[in-house]
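One structure below.
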Amino acid sequence: MGAARSARSRPARSGSARSVRRRGAPPRAGAGAVLAAGALLAAGACGVADAGESSVARKDSLVVGVNSDQPGVGQRVGGGHQGFDIDVAKEVARRLGVPPENLTFKQVGYATRDSMLRSGKVDLVVASYSITPERKTRVTFAGPYYVAHQDILVPASDTSVKDVHDLKGKRLCKVPGSVSFPRVHDEKGVAALPVEAGGYAACVAEMSAGRMDAVSTDDLILAGLAAQAAKDGRGRPPRFVNAPFSDEPYGIGIRKGDLDGCEAVNKAITEMYQGSTMRDLLAKWFGDTTLKVTTTVPQFEGCD
Numbered sequence: 001m002g003a004a005r006s007a008r009s010r011p012a013r014s015g016s017a018r019s020v021r022r023r024g025a026p027p028r029a030g031a032g033a034v035l036a037a038g039a040l041l042a043a044g045a046c047g048v049a050d051a052g053e054s055s056v057a058r059k060d061s062l063v064v065g066v067n068s069d070q071p072g073v074g075q076r077v078g079g080g081h082q083g084f085d086i087d088v089a090k091e092v093a094r095r096l097g098v099p100p101e102n103l104t105f106k107q108v109g110y111a112t113r114d115s116m117l118r119s120g121k122v123d124l125v126v127a128s129y130s131i132t133p134e135r136k137t138r139v140t141f142a143g144p145y146y147v148a149h150q151d152i153l154v155p156a157s158d159t160s161v162k163d164v165h166d167l168k169g170k171r172l173c174k175v176p177g178s179v180s181f182p183r184v185h186d187e188k189g190v191a192a193l194p195v196e197a198g199g200y201a202a203c204v205a206e207m208s209a210g211r212m213d214a215v216s217t218d219d220l221i222l223a224g225l226a227a228q229a230a231k232d233g234r235g236r237p238p239r240f241v242n243a244p245f246s247d248e249p250y251g252i253g254i255r256k257g258d259l260d261g262c263e264a265v266n267k268a269i270t271e272m273y274q275g276s277t278m279r280d281l282l283a284k285w286f287g288d289t290t291l292k293v294t295t296t297v298p299q300f301e302g303c304d
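Just so you know, the UniProt record's numbering puts 106 at position 106 of the sequence shown, and the rest follows in order with no gaps.
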């Protein structure tokens, strides 16, 4: 998505193979073989970025996939988007040389982040997108730009949940495409009971209505949801357990194979930590919560 900033011509790849036409062979046969081979290569490269002009490092405009239902992180408000991830995306785009008027946000879901990148519907995804080995088979990740930690929200009246192991037998929200429920059930071996919802704002609403017992996901998301619930003033806000049990490195998703773009985004993230930008953004969105944020630059995963 977005027009290329400069069309860079790349030299033809040299090699030892020679084009030889047998005596008497039709002159178009070689051209046909080349076309066929090119078609096969194009088909095999589906979902993989070209390292040249299609790189996000060389675009004049960008479409960024973001969440729309996470207060403080990524939320649609009126006709626009706001939150920590939104501001991170704006800063990265600015440092890549993309003017604000050429930056477009598009809503993505937990289950559609990978596919929208691979199909080219978005150029980047900045949407509380945890880097995992399985996701790295489909997406190139820059960053992480922040390392969150999975934690728990429960109703204010529930004092029984002290840590993740206390979720055994509890009705726990499960959002398709999110790794949070599997972290509890599969990795920690806690036999929580899954109750599906379309997103974590919906999870908190369901918990407030008494249809589930707990919500567990990244602490940035939970802190924003708890703060929003307190602002809404409808009953007592949920209790933030504050018992983290995993690291969730938030990466910026880039189309697979765009290593130039990945390195450029990593440079932008590093600059944001070297100055006061990242510290200011974390204070802006989470300074009024009980969450203890980290302002040191995370260890990058490496572009691959």
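By construction, the Cβ of each residue, glycine as well, lies at the ideal position given by its N, Cα and C atoms.
- In the three-state reduction of the DSSP assignment, Gln274 falls in the helix class, which pools H, G and I.
- Secondary structure note for Tyr145: its beta strand (DSSP E) is the uninterrupted segment Val139 to Val154.
- Boundaries of the alpha helix (DSSP H) around Cys203: Tyr200 to Ser208.
- With fewer than 16 other beta carbons inside 10 angstroms of its own, Ser157 counts as exposed.
- The C-beta separation of Leu96 from Ala268 comes to about 6 angstroms, placing the pair in contact by the 8 angstroms criterion.
- If you look at Glu248, you'll find it in the beta strand (DSSP E) that goes Asp247 to Arg255.
- Of the residues assessed, Gln299 falls on the exposed side of the cut-off, its CB having fewer than 16 other CB atoms within 10 angstroms.
- A direct Cα-to-Cα measurement between Gly302 and Ala209 gives close to 43 angstroms.
- Counting the other Cβ atoms within 10 Å of the Cβ of Arg211 gives fewer than 16, which makes it exposed.
- In the three-state DSSP reduction, Gln107 falls in the strand class (E or B).
- When DSSP states are grouped into helix, strand and coil, Ala214 belongs to the strand group.
- The beta carbon of Gly143 is closer than 6 angstroms to those of Gly251, Ile252 and Ile269 in its chain, skipping five residues each way along the sequence.
- Residue range Gly74 to Val77 is occupied by the beta strand (DSSP E) that includes Gln75, with no alpha helix (DSSP H) assigned at that position.
- Shown here for Ile131: same chain residues with a beta carbon closer than 8 angstroms to its own, the five before and five after excluded, namely Phe141, Gly143, Pro144, Pro249, Tyr250, Gly251 and Glu301 in chain order.
- For Glu91, the enclosing alpha helix (DSSP H) has its first and last residue at Phe84 to Arg95.
- Within the model, the alpha-carbon separation for Met116 versus Asn242 is close to 33 angstroms.
- Secondary structure note for Gly65: its beta strand (DSSP E) is the uninterrupted segment Leu62 to Val66.
- Taking the CA atoms as reference points, Glu91 sits about 15 angstroms from Lys59.
- The criterion of a C-beta distance shorter than 8 angstroms is satisfied by Lys188 and Phe245.
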